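Number of protein chains: 2
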Amino acid sequence: MQRVRRSSNRSNISAELENLASQDAADIVVALNDDPPETAASILGRLPPDRAVQVLDEPELKGPAELLQHLAVEQAVSLLQAVSADRAAAIFRELDEPVRSQLLGRLDHETRSSIERLVAYSPGTAGSLMTTEFVSVPLSWTVGATLQHIREVERTRETVYAIYILDPADGILVRATTLRRLITGDPSASILSVSPDSKPIAVSPLMDREEVARLIAKYDLLAVPVVDEASRVLGIVTVDDIIDAMIAETTEDVQKFGGMEALERSYMDISFNEMIRKRGGWLAALFVGEMLTASVMQHYETVLAQAVVLTLFIPLIMSSGGNSGSQATSLLVRAIALQEVRPGDWWRVALKEVPTGMSLGAVLGAIGIARIALWQSAGLYNYGEHWGLIAITVGAALVGIVTFGSLAGAMLPFALKAINFDPATASAPLVATLVDVVGIVIYFSIALLFLTGTLL
Amino acid sequence: MQRVRRSSNRSNISAELENLASQDAADIVVALNDDPPETAASILGRLPPDRAVQVLDEPELKGPAELLQHLAVEQAVSLLQAVSADRAAAIFRELDEPVRSQLLGRLDHETRSSIERLVAYSPGTAGSLMTTEFVSVPLSWTVGATLQHIREVERTRETVYAIYILDPADGILVRATTLRRLITGDPSASILSVSPDSKPIAVSPLMDREEVARLIAKYDLLAVPVVDEASRVLGIVTVDDIIDAMIAETTEDVQKFGGMEALERSYMDISFNEMIRKRGGWLAALFVGEMLTASVMQHYETVLAQAVVLTLFIPLIMSSGGNSGSQATSLLVRAIALQEVRPGDWWRVALKEVPTGMSLGAVLGAIGIARIALWQSAGLYNYGEHWGLIAITVGAALVGIVTFGSLAGAMLPFALKAINFDPATASAPLVATLVDVVGIVIYFSIALLFLTGTLL
């Protein structure tokens, strides 16, 4: 794909416009994202109207609200009336006053009310993802009438994900069918003759997007209807919106696991202040927690003064606890998200982590002991006459700390879930911090056990 | 959803069968996954054939290969011929010999050759995800003939994602259209009259599933054709297969970021040995890397012996470097995956991370200095007469280490990408290990700078 150079003067805009006119909407988006907002808005405003609508409909387009503010009001209004309702609502969420009220007031009644309804749902819910544009017919209709309706009334729709069949008396969703089934039916037969015998799967507008994604994946749907308490259809969440939501969810999960608040914008677009806020909060909280290590070490100051050699291994031993904890946490965060383990399974997980941690600790302990023995015998460093006891202390501490790290890391997501937090809040740095404090206690306790009377 | 209790005797199987018969395939899968394999196979074998095929087609069904081995050969063969080709290939990948050859030999020619072709693609590629079942027609056909073909020949297909239009001479893909467009067309007109004017987007069978997901999301497709070098269609990757692949990809990414090899099975199903292998490799590698900290500290042993008080802050300072590095890595791993930043942008990222790291370090440094001053003045601990200098050493070291951690964490994914590694290999523990060694050097260098002549 060819990147278009930044351009801001008129003749460059014309050149870029000509270059883009024949491209796919998604590719135009890539080019516009590289332009300054004024240039991008100017190009958007000069594209053929249907192409401009397609471009504005792409969730990948950066800062659509800002682009609209650079356009003439009539043009912005006509674009907003033509894009899908879910996209228009997403744009309105980002529009600033007074432009927001100004544009909203100029929209036709139908568009305005559907946008107002969608904007009310909080981000990340099915309601905020859904589009209010879907095909529905009363259950009294025939196959032929439904096909005719799709041909004529719904002809602007690019994809018919499903056809929802409603009870005409109260608007309640009774069945759903597909275009595929519709074309095989007898045109004069009832629409019910080409629909499955069961009520379609539907979701509440408050359902989390991750849950919606799981349902769509589980039942291989192209769209899922969003219904109110009375089973009336409010809108549909389509598979392409869910894919976008899943990509955003993965980004959030990875950022949270990295030990920070999830960013709401892309890395390059975020301001310095926001970056400091999103990272500084967790970093400071972890720092304050980690201060406990200094207090614990103060407690062992006589040991430290007597056997400085023990301090050499503090980073090595503590990082191993943090690393094994980070592994266990990442495993359990995903296992809980995929519902492979349920909250009540915590003890089964504990029974699995303890022997795993002990074995992993034994492997690291053996490497640690070999390292000390090797350095001592090769004359690379002199750990003193009690080097053998020091090696055993390090090895035993590794078994204890890796076991504790694996167990604590695995239990943390369960604990968070139990107090109604998202298990994905359990981050690698959080586990490492938790494990560090106990790690020091384990190390010095084992040292006191093995070395009292010799080194201590 | 109601969980079905484990049952193994005949009467229980009958009861469970009756209970399940009316349920959706996805719900039957949930119940079978909780049963021992023999019971699940027995239930699968006694479901109505079309229902059994739907159940076997669900990627969520655990151990389908093992279930088939418990069934009579004729039954297994008829199920394999009826499920989608991509699913059959996935099952064959897990079948053991001699059952594998035995079943393959009994399949009809068409099914066998499409399975053999699919099995050859390595897991995670478009080829391994695609199904060979799709609707294609020659470009000489009319709209009416195509509709008739879909009604009659393709009537078993639940969803028609797209209709691919091929050049009859060489089988080359020329256009694609949708059922939606087809039904609005004039039945006697050419199929080309209802298809867009451009060649459809297609992928190579070797393309990574993450790349395919990005394309499908970018162009809002329901399916993407997989073509060979000559543009002949080999199969299609559908949006529901991509969602399953994305869920698997997120799990892999989180596990890798946690510092381990990604598991191929669910947490509860994985064997002890495999768990040790997947976690132990990285843990041991990180441990060997972290050993450098012991060597570096040996280098500073005189400092350590003279100023034991400095050791109290080692875990605190080093964990802060690791935490800031983990944040930066998680940000950049995702930003690179989403193509928000390109490999050439590394210096722009560096220019953003250095001031961010310095500011974050300053915040932590201020907290650290306040902590030491508070403990000293409150009489909680006596850091000696030079406590002010120690506090400044800790504060300055935090600025240096957090800046270095942020920069190193942000650059690591770029470095991995540059040597053709997956940037997602950059894990929180890997960053922490890299930062720890340099962190110690920074800490002791600053200590020597500020404390020589007083404490040292």
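Quick note, the sequences are listed as chains C and D, same order. Counting in the working numbering, the final residue of the first sequence is number 459, and the numbers go up one at a time with none missing. Counting in the working numbering, the final residue of the second sequence is number 459, and the numbers go up one at a time with none missing. Ideal Cβ positions, reconstructed from N, Cα and C, are used throughout, including at glycine. Just so it is clear, the structure is predicted and the values come from calculations on it, not from any experiment.
With a contact defined as Cβ atoms closer than 8 Å, Ala411 (chain C) and Val444 (chain C) miss out at about 13 Å. In this chain, the alpha helix (DSSP H) harbouring Pro416 (chain C) covers Trp390 to Ala421. Beta-bridge analysis with DSSP links Gly174 (chain C) to no other residue. Counting the other CB atoms within 10 Å of its CB gives Arg90 (chain C) a total of 16 or more, which places it among the buried residues. Taking a cut-off of 8 Å on C-beta distances, the segment 222 to 242 of chain C touches the segment 133 to 146 of chain C, as three or more cross pairs fall below it. The segment 88 to 105 of chain D and the segment 262 to 274 of chain D do not touch, with fewer than three beta-carbon pairs separated by less than 8 Å.
Shown here for Asp231 (chain C): same chain residues with a beta carbon closer than 7 Å to its own, the five before and five after excluded, namely Leu237 in chain order. Here Ile219 (chain C) carries a helix assignment [DSSP, helix/strand/coil]. With respect to the 8 Å criterion, Thr332 (chain D) and Val434 (chain D) are classified as neighbours on the basis of their beta carbons. Contact between the segment 277 to 287 of chain D and the segment 335 to 346 of chain D is absent: fewer than 3 CB-CB pairs across the two stretches fall below 8 Å. Linking Leu335 (chain D) to Ser193 (chain C) through their CA atoms gives a straight-line distance of about 55 Å.
Taking the Cβ atoms as the reference, Leu289 (chain D) lies roughly 5 Å from Thr436 (chain D), within the contact range of under 8 Å.
According to the DSSP assignment, Ala55 (chain C) belongs to the alpha helix (DSSP H) that extends over Pro52 to Asp60.
Proximity of chain C to Gln258 (chain D) at the Cβ level (cut-off 7 Å) is accounted for by Ser333, Leu334 and Arg337, in chain order.
Taking every protein chain shown into account, the CB of Arg183 (chain C) has 16 or more other CB atoms within 10 angstroms, so this residue is buried. Using a Cβ-Cβ cut-off of 9 Å, Glu343 (chain D) is close to Ser269, Tyr270, Met271 and Asp272 of chain C, given in chain order.
Sequence-distant partners of Phe447 (chain C) (beyond 5 residues in either direction) whose C-beta falls short of 7 Å from its own C-beta, in its chain, are Tyr303 and Val306. With fewer than 16 other Cβ atoms inside 10 Å of its own Cβ, Lys202 (chain C) counts as exposed. Listed as beta-bridge partners of Leu169 (chain C) by DSSP are C:Pro141 and C:Leu176.
Between Val58 (chain D) and Phe95 (chain D), the C-beta spacing is not below 8 Å.
Under the three-pair Cβ rule at 8 Å, the segment 211 to 231 of chain C counts as touching the segment 163 to 180 of chain C. DSSP places Pro101 (chain D) outside both helix and strand once states are collapsed to three, so it counts as coil.
Taking 4 residues as the shortest admissible run, the segment 65 to 117 of chain D contains the following complete alpha helix (DSSP H) segments, listed from N- to C-terminal end: 67 to 72, 76 to 85, 88 to 97 and 102 to 109. Around the C-beta of Ala28 (chain C), 16 or more other C-beta atoms lie within 10 Å, and the residue is accordingly described as buried. The segment 29 to 43 of chain C makes contact with the segment 65 to 75 of chain C, as at least three CB pairs between them are under 8 Å. Remark: C-beta atoms of Phe260 (chain D) and Phe260 (chain C) approach each other more closely than 8 Å.
Interface flag for Arg374 (chain D) against chain C is set, since a Cβ pair is found closer than 8 Å. Ranked by Cα distance from Leu218 (chain C), the options C:Ser234, C:Asp200, C:Met249 and C:Ala233 are led by C:Met249.
Contact between the segment 367 to 375 of chain D and the segment 396 to 407 of chain D is present, with at least three C-beta pairs closer than 8 Å. When C-beta atoms of the segment 290 to 301 of chain D are compared with those of the segment 309 to 325 of chain C, three or more pairs fall below 8 Å, so the two segments count as touching. The Cβ neighbour count for Leu209 (chain D), taken over all protein chains shown within 10 Å, is under 16; the residue is labelled exposed.
Proximity of Thr187 (chain C) to chain D, defined by a Cβ-Cβ separation below 8 Å, is satisfied. Looking only at C:Gly127, C:Glu100, C:Ala92 and C:Ser81, the smallest Cα-Cα distance to Asp111 (chain C) is reached by C:Ser81. By the beta-carbon neighbour count (other beta carbons within 10 angstroms, threshold 16), Ile166 (chain D) is buried. When the Cα atoms are used, Asp223 (chain C) and Asp243 (chain D) turn out to be separated by approximately 6 Å.
DSSP lists D:Val229 as the beta-bridge partner residues of Gly238 (chain D).
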